[in-house]
Amino acid sequence: MKIVVIEGSPHKKGSTNLLAEQFMQGAKEAGHTIEVLDAAHMDIHPCMGCEHCGMDGNCAWQDDVWQIRDTLLSADMAVFVTPVYYFGMSAQLKMVIDRFYSYTIKLSCKKLKTALIAAAWDSDEDVMPCLKAHYQKLCRYMNFQDQGMILATGCGTPAVTKHSEYMKKAYALGKHL
Ligand SMILES: Cc1cc2nc3c(=O)[nH]c(=O)nc-3n(C[C@H](O)[C@H](O)[C@H](O)COP(=O)(O)O)c2cc1C
18 MKIVVIEGSP HKKGSTNLLA EQFMQGAKEA GHTIEVLDAA HMDIHPCMGC EHCGMDGNCA
78 WQDDVWQIRD TLLSADMAVF VTPVYYFGMS AQLKMVIDRF YSYTIKLSCK KLKTALIAAA
138 WDSDEDVMPC LKAHYQKLCR YMNFQDQGMI LATGCGTPAV TKHSEYMKKA YALGKHL
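For the record, in the sequence shown the residue sitting at position 163 is 180 according to the numbering used here, with numbers rising by one throughout.
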């Protein structure tokens, strides 16, 4: 499979990208090809809701979302990678998702396989449910086929995350796709 990993953390060497690396290691060993899109450091604007695209046309913005769009439309699977920010995904990743608007129909017809990798500082059970529910609803709406979630609680820094159980879990998710 061609797998696109969309990274939404401002920390290039942060916890979520560390987990994404483990996932990619496993997926490469399983024979998949990977393309990484570091969305947090790309030129991406928020959707203006201008309706120029009519949900199935050209977006008014000329930015890196065109590259993301082409990559996703030619992929078999996407992995959404995000730190937990106030119980949801980062704004950096949310901008990518809001910009699906101009190709929602094309993308939802693909029945794309997807996964979610998220890390949060706190370790209590209230940290992930909102993000998880959002992702699951997105999957239903977009006809995404969820392949798994790594919801890494208690992973506030890469030093801690490196020694967490989620490293192996992320690797296993990639390896067993
Ligand atoms: C703006 C902001 C909001 C955050 N909100 C939460 C939160 O709601 N719950 C939590 O447990 N951690 C929260 N955190 C901590 C990050 O989720 C955590 O440090 C994560 O490991 C960062 O991942 P990264 O290194 O990949 O960027 C927040 C951090 C920032 C900067």
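Note that the Cβ used here is the ideal one computed from N, Cα and C, for glycine as well.
Secondary structure of residue i, DSSP reduced to three states
i	result
Lys40	In the sequence as displayed, the identity of residue 40 is Phe instead of Lys. Helix.
Asp87	helix
Met106	coil
Thr33	helix
Asp163	strand
Lys179	coil
Leu155	helix
beta-carbon residue i near ligand 1 non-hydrogen atom, thresh 6 Å
i	result
Thr139	According to the sequence shown, residue 139 is Asp rather than Thr. Checking the Cβ of Asp139 against ligand 1 gives yes.
Cys76	no
Gly171	no
Phe97	no
Gly25	no
Pro146	no
Tyr102	yes
Ser32	yes
His28	yes
Beta-ladder partner(s) of residue i, from DSSP
i	result
Val82	Answer is none; Val82 lacks a bridge partner.
Pro100	Ala136
Met94	Ile20, Lys130
Thr50	Lys19
Leu168	Ala135
Asp60	Paired residues: none, contrary to the question.
Asp73	Per DSSP, none; premise fails for Asp73.
Three-pair Cβ contact test at 8 Å for the segment 128-147 versus the segment 162-178: Counting Cβ pairs under 8 Å, three or more are found: they touch.
Cβ contact check for the segment 123-134 and the segment 79-90: 3 or more pairs under 8 Å: Of all C-beta pairs linking the segment 123-134 to the segment 79-90, three or more are shorter than 8 Å, placing the two stretches in contact.
The segment 21-28 / the segment 102-120 touching (three or more Cβ pairs under 8 Å): Taking a cut-off of 8 Å for Cβ pairs, the segment 21-28 and the segment 102-120 touch, as three or more such pairs fall below it.
Whole alpha helix (DSSP H) elements within the segment 114-141, 4-residue minimum: 121-126, all fully within the segment 114-141.
Touching by the beta-carbon criterion (3+ pairs, under 8 Å), the segment 92-106 and the segment 36-53: These segments touch.
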